[in-house]
Amino acid sequence: MRRGWNTMQVRVLLAVIAAGIALAGCSGSIRVASPEDPAPAMPGRTEPVSLLTHCGVRTANVDGREWKAVNPAPVPLSTPNPDGTGSYDGYTDGTATWIATDRWRFDAPGLAAPVTFVPAATSPPPCA
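Here this note's numbering is used: the first residue of the sequence shown is 924, the next is one more, and so on.
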């Protein structure tokens, strides 16, 4: 049984909070869907996430590191709630699957195909 938060968990949580504060650049920030169990990027690990997609699926900021999409995609089609209504807060729920420590894939309902991310050399420009 684990007790308390390890260093990586704290770093991920702080990165999520910082990303929420720093949305001015419109980088596709990630909200960890289960912050009680964040873990290092390990190949094969899949975790639920919410990715900021109001500018499309083109960039992300994970743990303070900028990532760019190899195959950018438009804003995913929204999926109605069970009661038939819909809402969109700029984030899209999906999964992040780590392919390697420097490559991960985002998949979500409404995407034509999963989007692969690699480290970005620079911060992305703001979206219009």
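No residue lacks a Cβ here, since even glycine has one placed at the ideal position from N, Cα and C.
Fair warning: this is a prediction, and the values are worked out from it, not measured in the lab.
Just reading off the beta strand (DSSP E) that residue i is part of, what are its end residues?
i       : result
Gly1017 : Tyr1014 to Ala1023
Asp1030 : Arg1026 to Asp1030
Ser973  : Thr969 to Leu975
Thr1008 : Counting along the chain, Thr1008 falls outside any beta strand (DSSP E), and DSSP gives it neither H nor E.
Pro1042 : Val1038 to Pro1042
Val985  : Val980 to Val985
Just to confirm before moving on: does the CB-CB distance between residue i and residue j stay below 9 Å?
i       : j       : result
Ala1043 : Ala996  : no
Thr976  : Val998  : yes
Val985  : Thr1018 : no
Gly1033 : Leu1000 : yes
Thr1020 : Thr969  : yes
How would you call residue i, buried or exposed, if buried means at least 16 neighbouring beta carbons within 10 angstroms?
i       : result
Ala1031 : buried
Arg981  : buried
Gly987  : exposed
Thr897  : Residue 897 falls outside the range modelled here, since the chain spans only 924 to 1051, and no answer is possible.
Looking only at its chain, what residues have a beta carbon closer than 8 Å to the beta carbon of residue i, apart from the 5 residues adjacent to it on each side?
i       : result
Gly1013 : Leu975, Thr976 and His977
Ile1022 : Pro966, Arg1028 and Thr1039
Met924  : A caution first: Met924 carries a pLDDT of 45, below 50, which makes its placement in the model unreliable, though a value can still be read off. Contacts found: none.
Taking 8 Å as the cut-off, is the C-beta of residue i nearer than that to any heavy atom in the ligand ADP?
i       : result
Ser1001 : Ligands in the displayed structure: none, and consequently the ligand ADP is not present.
Enumerate in chain order the residues of its own chain whose CB-to-CB distance from residue i is below 6 Å, with the five nearest sequence positions on each side excluded.
i       : result
Arg1026 : Val1041
Lys991  : Thr982 and Ala1043
Quick one: residues in its chain with C-beta nearer than 7 Å to the C-beta of residue i, no 5 flanking neighbours on either side, listed in chain order?
i       : result
Pro1037 : Arg1028, Phe1029 and Asp1030
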